[in-house]
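S.K.:
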Amino acid sequence: VLTKKLADAEVIFVDSLKLDAPKTKDAKAVFTAIANGSGNEAMAKKRKNAAVVVLAERDLATEKSFRNFGNIEVIQAKDVNPVDLLTYKYVVVADATASVEVLAGRIAPAAKSK
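In the numbering used here, the protein residues as written are 1 to 114.
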């Protein structure tokens, strides 16, 4: 699922997504900037199931900031599952290096058991 989204340019990697305080206004500005900067302007305007934001580790300020948006879900990399990836059109991966390491760690044990 993730490979298909990557091929369709529906995965966006960002260096950092850390908000100082839980403010919806700040989250909206950051999300719009990510959408415009990635060339996926439609992501910021999508009313339902726009994006799932994947964080390397839990960040309460970021989670609370995005909580008021019905079209955005914030999850940790260790909790990513196919249902979340299929439910949302775009995947925003924050702190890409650490998040990808967590995802690779989850995939490696499954590959060894086959």
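Positions of the beta carbon are idealized from the N, C-alpha and C atoms, including for glycine.
Taking DSSP's pairing of strands, which residues face ILE12 in a bridge?
M.R.: The residue given as residue 12 occupies position 12 in the sequence shown. According to DSSP, which records beta bridges pairwise, ILE12 is partnered with VAL92.
S.K.: In terms of DSSP beta bridges, what is VAL83 paired with?
M.R.: If you number the sequence shown from 1, residue 83 lands on position 83. BP columns for VAL83 are empty, so no partner.
S.K.: Answer with buried or exposed for LEU60, where buried requires no fewer than 16 other C-beta atoms within 10 angstroms of its C-beta.
M.R.: Taking the first residue of the sequence shown as position 1, residue 60 is located at position 60. Burial call: exposed.
S.K.: Just to confirm the assignment, what range does the beta strand (DSSP E) spanning ALA51 have?
M.R.: As a position in the sequence shown, residue 51 is number 51, starting the count at 1. Per DSSP, ALA51 belongs to the beta strand (DSSP E) from 51-55.
S.K.: Given this structure, state the Cα-to-Cα distance separating GLY39 from ILE12, to the nearest angstrom.
M.R.: What you label residue 39 is simply residue 39 of the sequence shown in a count that begins at 1. What you label residue 12 is simply residue 12 of the sequence shown in a count that begins at 1. When rounded, the distance between both Cα atoms is 10 Å.
S.K.: For the structure I just gave you, are there three or more beta carbon pairs, one from the stretch 101-108 and one from the stretch 13-25, closer than 8 Å?
M.R.: no
S.K.: Hey, could you find the ends of the beta strand (DSSP E) VAL74 is sitting in?
M.R.: On the sequence shown, position 74 is the one that residue 74 refers to. Start and end: 72-76.
S.K.: Buried or exposed: which applies to SER16, given that a residue is buried once 16 or more other Cβ atoms fall within 10 Å of its Cβ?
M.R.: In the sequence shown, residue 16 corresponds to position 16, counting from 1. SER16 is exposed by the Cβ-count criterion.
S.K.: Identify, in the order they occur along the chain, each residue of the same chain with its Cβ nearer than 7 Å to the Cβ of ARG58, setting aside the five sequence neighbours on each side.
M.R.: As a first step, residue 58 must be located in the sequence shown, where it is residue number 58. Only GLN76 meet the Cβ criterion.
S.K.: Terminal residues of the continuous alpha helix (DSSP H) containing LEU6?
M.R.: Here the question's residue 6 lines up with position 6 in the sequence shown. Note, LEU6: alpha helix (DSSP H), 2-7.
S.K.: Give the range of the alpha helix (DSSP H) segment to which ASP26 is assigned.
M.R.: Indexing the sequence shown from 1 puts residue 26 at position 26. Taken as a continuous stretch (DSSP letters only), the alpha helix (DSSP H) holding ASP26 covers 24-38.
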